[in-house]
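K.L.:
Sharing a structure, written as structure tokens. Questions coming.
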Amino acid sequence: MQRQDEEIDLDLVQLQNHKSAQMMTKKKVCCILAIVFQLAPVIHYYDTLIYALKARKCEKAGDYDGQKQYYFKMLKEDQDVALLRVFECFLEAAPQQVLQLTILLKHYNSDINLEFIHQVGSIISSLASMGWAMASYNRSIRLAQRNKQTIGIRGSIFQFLWHFCVTVSRILTVSLIASIWPLYTIAACICHWIIMTIWIIVESHDGNTLLRHVFFYGLCFCENLIANLLWMFNLSKEARNSWYFCTYIFPCTVPFLLGIAAMIVYYMFFHPTKEEQVESTLRNEDRLNCMS
4 MQRQDEEIDL
14 DLVQLQNHKS
24 AQMMTKKKVC
34 CILAIVFQLA
44 PVIHYYDTLI
54 YALKARKCEK
64 AGDYDGQKQY
74 YFKMLKEDQD
84 VALLRVFECF
94 LEAAPQQVLQ
104 LTILLKHYNS
114 DINLEFIHQV
124 GSIISSLASM
134 GWAMASYNRS
144 IRLAQRNKQT
154 IGIRGSIFQF
164 LWHFCVTVSR
174 ILTVSLIASI
184 WPLYTIAACI
194 CHWIIMTIWI
204 IVESHDGNTL
214 LRHVFFYGLC
224 FCENLIANLL
234 WMFNLSKEAR
244 NSWYFCTYIF
254 PCTVPFLLGI
264 AAMIVYYMFF
274 HPTKEEQVES
284 TLRNEDRLNC
294 MS
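The sequence shown begins at 4 in this note's numbering and counts up one residue at a time.
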């Protein structure tokens, strides 16, 4: 009798292991298919919805520990989705915008028609989505970390302005220089990518954010300035008389400076640590007023 029970238990264990192996195989196949067909964001959105429903179910049942656990799992999935959006924007949308602007600069005349308005509208919407992808990713990172304070609405707005303006400036600059030297532009982008990769590896530890921002945005501004000067002094006479010559000189530098200004305002007034300091100061003042 005891031997039969042991055999039954062994069969149950083997059956469970077989089912677990089948589930793991199915998950691996689903992951491969999701990567091949670019469906990873859909899977993460599905997992986010499942965790949200489970958190809601735990809340109704009074299981607040389970609710908290599923809530943070939902935030982790949302953080992964936000990261995928950033990759999609800068690996797919950004090169397309550079190519579209370069073609527009080289082949478009001074006529403003429906096609021109459609192209400009699509470019602006793509640039706005890139700025919002960065702002939402930074917000998702803080939401998923329990020891970090969340970014408020005003902080998200200034983060969007910061990334949007800098992105506009960078893409316009790359498009301008690519309209006269496409191969040299590709080589310069590769060099920039190598420098940034080495810098990220070297500076992978936590450190002074101010120095990192000064180095990165200082380098980007110098690149923008050099590219604009090269473009201005190497244009043909026909291009100097074109519709975009005077128009593009300022949008390549002014938005960058506006983005830096938005970044400074964000860190000075709307960063979560700054907002917490302001709130604590106001609470202390209220206590002193009540005591007096």
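In this text, a Cβ means the ideal position worked out from N, Cα and C, and glycines have one as well.
Within its chain, find whatever has a CB closer than 8 Å to the CB of residue 73; leave out the 5 residues flanking it on each side and keep chain order.
P.N.:
The residue you call residue 73 lines up with position 70 of the sequence shown. 54, 55, 57, 58, 61.
K.L.:
Can you tell me where the alpha helix (DSSP H) holding residue 96 begins and where it ends?
P.N.:
By one-based count along the sequence shown, residue 96 stands at place 93. Premise fails: residue 96 is in no alpha helix (DSSP H) and is neither H nor E.
K.L.:
Would you decide whether residue 128 is buried or exposed? Buried here means 16 or more other CB atoms lie within 10 Å of its CB.
P.N.:
The count along the sequence shown starts at 1 and reaches residue 128 at position 125. Residue 128 should be labelled exposed.
K.L.:
The alpha helix (DSSP H) that contains residue 63, what's its start and end?
P.N.:
In the sequence shown, the residue the question calls residue 63 occupies position 60. Run containing residue 63: 43-64, per the alpha helix (DSSP H) assignment.
K.L.:
Which of helix, strand or coil does DSSP assign to residue 15?
P.N.:
What you label residue 15 is simply residue 12 of the sequence shown in a count that begins at 1. Bear in mind that the predicted position of residue 15 carries a pLDDT of just 49, short of 50, making it unreliable; the figure below should be weighed with that in mind. Three-state DSSP puts residue 15 in a helix.
K.L.:
Would you mind giving the Cβ-Cβ distance between residue 44 and residue 89, rounded to the nearest angstrom? I have them listed as a contact below 8 Å.
P.N.:
Here residue 44 refers to the residue found at position 41 when the sequence shown is read from its first residue. Here residue 89 refers to the residue found at position 86 when the sequence shown is read from its first residue. About 11 Å; that fails the 8 Å criterion.
K.L.:
Thinking C-alpha only, which one of 78, 107, 186, 203 is nearest residue 143?
P.N.:
Mapped onto the sequence shown, residue 143 falls at position 140. For the residues 78, 107, 186, 203, the minimum Cα distance to residue 143 belongs to 78.
K.L.:
First and last residue of the alpha helix (DSSP H) that includes residue 145?
P.N.:
Sequence index remark: in the sequence shown, residue 145 carries index 142 (1-based). From DSSP, the alpha helix (DSSP H) with residue 145 extends over 117-147.
K.L.:
Whether or not the segment 154-167 and the segment 90-109 are in contact is what I'm after, with contact meaning three or more pairs of Cβ atoms, one per stretch, closer than 8 Å; do they touch?
P.N.:
Cβ pair count under 8 Å is below three, so no.
K.L.:
For the alpha helix (DSSP H) containing residue 155, name the first residue and the last one.
P.N.:
Residue 155 sits at position 152 when you count from the first residue of the sequence shown. Taken as a continuous stretch (DSSP letters only), residue 155 belongs to no alpha helix (DSSP H), as it is neither H nor E.
K.L.:
In or out: residue 276 buried (at least 16 other Cβ within 10 Å) or exposed?
P.N.:
Position 273 of the sequence shown, counted from the start, is the residue given in the question as residue 276. Under this definition residue 276 is an exposed residue.
K.L.:
Determine the DSSP secondary structure at residue 206, reduced to helix, strand or coil.
P.N.:
Working through the sequence shown from its first residue, we reach residue 206 at position 203. Here residue 206 sits in coil by DSSP.
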